[in-house]
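Under the working numbering, the final residue of the sequence shown carries the number 1437; numbering is consecutive throughout.
Below: the structure, in structure tokens.
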Amino acid sequence: MQSGCGRKLAFAEVRCGLLTAQCDSSLTLMALIFQVDDEGHARPKIRCDSCGGVIENHANGVALLGTPNPKPGTVIEPIFHCAGCEEEAKKTSAPRHSMSIDHFMLYVLNNIQLTPNALEEAGRGLKGLR
Ligand SMILES: [Zn+2]
């Protein structure tokens, strides 16, 4: 009976870790965020999953795919790292598949049928917000 309880507890801890992804750290909840600026506008941004800093320029970060050989149908949640954190991570972790943020975003747009025309139209609508 005791071993059963122990196993149950361990399972609960694993579940917590998987479902909430570092539930004890407020820095690593979600990479895609809205940051409200001084004028109260909600600005969509990408946040570094390691340090929590906002990646202001696509060239200053990468999207990482954690699983090396995923099976078809596997869902991979991307991890975003700012350039500084990626430099640090490279020193300690095995080589991982990464994608520049411009490529990642382009793939996302393609995969949700957001064509260049649709994008241009959206861009015209956005001009009022800038
Ligand atoms: Zn960082």
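Every residue gets a Cβ at the ideal spot worked out from N, C-alpha and C, and that includes glycine.
**Asked** Tell me, which residues are paired with Phe1387 by DSSP?
**Response** According to DSSP, Phe1387 shares a beta bridge with Ala1370.
**Request:** Return yes when the C-beta of Gly1380 is under 7 Å from any heavy atom of ligand 1, and no when it is not.
**Result:** Checking the Cβ of Gly1380 against ligand 1 gives no.
**DSSP state of Val1361 mapped onto helix, strand, coil** = Assignment of Val1361 by DSSP, reduced to helix, strand and coil, places it in the strand class.
**Request:** Sort out for me which residues DSSP pairs Phe1411 with in a bridge.
**Result:** Beta bridge pairing from DSSP links Phe1411 with no other residue.
**Message:** Given the structure, does Ser1357 come close to ligand 1, in the sense that its CB is under 7 Å from one of the ligand's heavy atoms?
**Reply:** Checking the Cβ of Ser1357 against ligand 1 gives yes.
**Request:** Determine the direct distance from the alpha carbon of Ala1396 to that of Gly1430, and round the result to whole angstroms.
**Result:** Rounded to whole angstroms, the gap between the alpha carbons of Gly1430 and Ala1396 is 35 Å.
**Among Arg1354, Asp1344, Ala1370, the one whose alpha carbon lies nearest that of Tyr1414** = Per the Cα distances, Ala1370.
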